[in-house]
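One gets the numbering used here by counting positions in the sequence shown from 1 and adding 38 to each.
All residues carry an ideal CB built from backbone N, CA and C; glycine is no exception.
To start, the structure itself, in structure tokens.
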Amino acid sequence: MDGYAVEPAAPLVQSSELLGFPPDARVLIVNCDDFGMYDAINAAVIDSIEQGIASSCSLMAPCPSAPHAMRLLRRRSEIPFGIHLTLVCDTAHYRWGPLTAKEKVPSLLDDAGELFIPTPAGRSEFLAQARLDEVELEFRAQINAVADAGLTPTHLDFHCLADGGRDDILDLTMALAAEYGLAVRVWLEPGRQKMRQRGLPVTDNEFLDSFSLSIEGKPARYAHLLRELPAGLSEWAVHPSVGREESQAIDSGWRVRRTDYEFLTSPTAHELLQQEGITVIDYRTIQRAWVSAPGRSAVRLPAQRRSALDSRLP
């Protein structure tokens, strides 16, 4: 179902080497998650890429500010972005729903007919009841919404569900990536091992989610992480927001986002990358390797759904 043939890779070859870098290269993806959640995030993501050290972003198609985010991307074709596949809603007071009609995806909804909130209990209940065919309907709706807007993503990743939360959801996402000519962010074991066995580059080192960092002393922590960045491919999932009143009113994590934004756009961040000789890449490099992988599935979407992407695939 995953759309890729099993092609074992040499176990000691790092993903950065598969991408053409020397063994001692320190390669980093800095991806801004949650683009489209609300306008203050959108503004910070653009700044973090255009003025800061971020290299790409991930769009949440069901969110209230997704149309604004897509307008920003249409005016900036040079910005690479992925689709932040979204099956949960972060808060009870700032809501979004599935793009698919709710009556077609009832297993994705809680007892109140809303997307689950991603508390530990909410994630567990969602993953226990979500039907794979309904997950596929919603994933396709989100991918097609982006394609219908005239935009071309580089990869698929997941909002609040690491590697999709279930093996079958990850396998489904791999199949969709093969159909659409995209990469997938995979960062947990055994998923990374599975991808490596197929010759597909994934992060070599521990994945960083910026919500795992303490707000106190965060600039120093980020600086330390850059100085100690190991050889190979690393990825940071960062979550910038400018932190205006809008953020503070609807988002309990706004301080995490504001401190991310401040570091990403700081002179210190630029200086550290230069001093440490770190190469920052985006998912276009990963996408090219995934698309050219041996045994990539020839399965295609119906022409009316793929046409918006076909002309812009690498």
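What residue does the alpha helix (DSSP H) around residue i start on, and which one ends it?
{"i": "threonine 317", "result": "No alpha helix (DSSP H) contains threonine 317, which is instead part of the beta strand (DSSP E) from 317-319."}
{"i": "glutamine 286", "result": "283-288"}
{"i": "leucine 137", "result": "Segment: none, leucine 137 is in no alpha helix (DSSP H) and carries neither H nor E."}
{"i": "leucine 214", "result": "205-218"}
{"i": "histidine 131", "result": "Unbroken run through histidine 131: none, as it is neither H nor E."}
{"i": "leucine 302", "result": "292-302"}
{"i": "glutamate 55", "result": "53-56"}
{"i": "glutamine 89", "result": "That residue, glutamine 89, is in no alpha helix (DSSP H); it is neither H nor E in DSSP."}
{"i": "tyrosine 260", "result": "256-265"}
{"i": "arginine 114", "result": "Unbroken run through arginine 114: none, as it is neither H nor E."}
{"i": "alanine 159", "result": "158-167"}
For the beta strand (DSSP E) that residue i lies in, which residues bound it at each end?
{"i": "serine 272", "result": "270-276"}
{"i": "aspartate 186", "result": "Taken as a continuous stretch (DSSP letters only), aspartate 186 belongs to no beta strand (DSSP E), being part of the alpha helix (DSSP H) at 170-186."}
{"i": "aspartate 195", "result": "193-196"}
Can you name the residues that DSSP bridges to residue i?
{"i": "histidine 33", "result": "Because the chain here runs from 39 to 352, residue 33 falls outside it and cannot be looked at."}
{"i": "leucine 66", "result": "Ser272 and Val318"}
{"i": "cysteine 95", "result": "Cys70 and Phe119"}
{"i": "leucine 147", "result": "Leu153"}
{"i": "leucine 246", "result": "Trp274"}
{"i": "valine 83", "result": "Valine 83 is not bridged to any residue."}
{"i": "alanine 221", "result": "His193"}
With distance defined between alpha-carbon atoms, name the residue in the options nearest to residue i.
{"i": "glutamine 89", "options": "Glu314, Ala327 and His308", "result": "His308"}
{"i": "valine 81", "options": "Leu199, Ser290, Val280 and Pro136", "result": "According to the sequence provided, residue 81 is alanine. The question's valine does not apply to it. Of the listed residues, the one whose Cα sits closest to alanine 81 is Val280."}
{"i": "arginine 282", "options": "Leu267, Tyr299, Asp62 and Ser248", "result": "Tyr299"}
{"i": "leucine 111", "options": "Trp328, Cys95 and Val126", "result": "Cys95"}
{"i": "serine 103", "options": "Gly58, Arg296 and Ala78", "result": "Ala78"}
{"i": "alanine 183", "options": "Gln231, Glu254 and Leu137", "result": "Leu137"}
{"i": "arginine 161", "options": "Asp205, Glu141, Tyr132 and Val126", "result": "Val126"}
{"i": "arginine 236", "options": "Pro191, Asp85 and Ser330", "result": "Ser330"}
{"i": "valine 224", "options": "Glu217, Arg109, Ala216 and Leu238", "result": "Leu238"}
{"i": "leucine 302", "options": "Gln52, Ile67 and Leu208", "result": "Ile67"}
{"i": "aspartate 85", "options": "Glu266, Pro60 and Pro278", "result": "Pro278"}
{"i": "valine 143", "options": "Leu165, Asp171 and Thr306", "result": "Asp171"}
{"i": "glycine 255", "options": "Val65, Leu226, Ile316 and Val294", "result": "Val294"}
{"i": "valine 276", "options": "Gly58, Gly291, Arg133 and Ile207", "result": "Gly291"}
{"i": "arginine 169", "options": "Leu189, Gly315 and Leu210", "result": "Leu210"}
{"i": "glutamate 163", "options": "Arg133, Ala107, Lys232 and Arg204", "result": "Arg204"}
{"i": "arginine 296", "options": "Gly315, Ser252, Leu267 and Asp320", "result": "Ser252"}
{"i": "isoleucine 319", "options": "His262, Ile91 and Asp71", "result": "Ile91"}
{"i": "leucine 146", "options": "Trp134, Ala261, Leu165 and Ala130", "result": "Leu165"}
{"i": "serine 248", "options": "Pro100, Ile288 and Arg259", "result": "Arg259"}
Next item on the list: Check whether the region 102-121 touches the region 145-162, taking contact to mean three or more Cβ pairs, one atom from each stretch, closer than 8 Å.
Entry: Touching, no, given that fewer than three Cβ pairs across the two stretches are closer than 8 Å.
Check: Three or more beta-carbon pairs under 8 Å between the region 261-281 and the region 310-330, yes or no?
Finding: Proximity of the region 261-281 to the region 310-330 meets the contact definition, three or more beta-carbon pairs being nearer than 8 Å.
Notebook entry, point to check: Three or more C-beta pairs closer than 8 Å, one from the region 130-146 and one from the region 171-178: is that the case here?
Noted result: The region 130-146 is in contact with the region 171-178.
Notebook entry, point to check: Looking at C-beta atoms only, is the number of pairs between the region 185-204 and the region 213-224 that lie closer than 8 Å three or more?
Noted result: Using a Cβ-Cβ distance cut-off of 8 Å, the region 185-204 and the region 213-224 are in contact, since at least three pairs of beta carbons, one from each stretch, lie closer than that value.
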